[in-house]
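Have a look at the structure below before the remarks.
In the working numbering, the protein residues as written are 96 to 160.
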């Protein structure tokens, strides 16, 4: 999972650079925010090996469980 996270970060950085070069600042900001949230979730899932399931984790984060 750590390798997948590293590949995702590299691909995201390349995409972010291409968006910034194309002067698409709003799209780059949205993409960066989504990528940061995805990385944070991935790091959480790596750090906590005993999470019950992904669906229950999302429900718990949303406060509906």
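Beta carbons: idealized from backbone N, C-alpha and C, even for Gly.
Since we're looking at a predicted model, the values are computed, not measured.
Item: Reference residue 104; option with closest CA among 122, 127, 121, 115; Value: 127
Item: Helix, strand or coil at residue 118 according to DSSP, with G and I counted as helix; Value: coil
Item: Spatial neighbours of residue 97 in its chain, beta-carbon cut-off 8 Å, leaving aside the 5 residues before and after; Value: 141
Item: Alpha helix (DSSP H) segments (min. 4 residues) lying fully within the stretch 121-159; Value: 149-157
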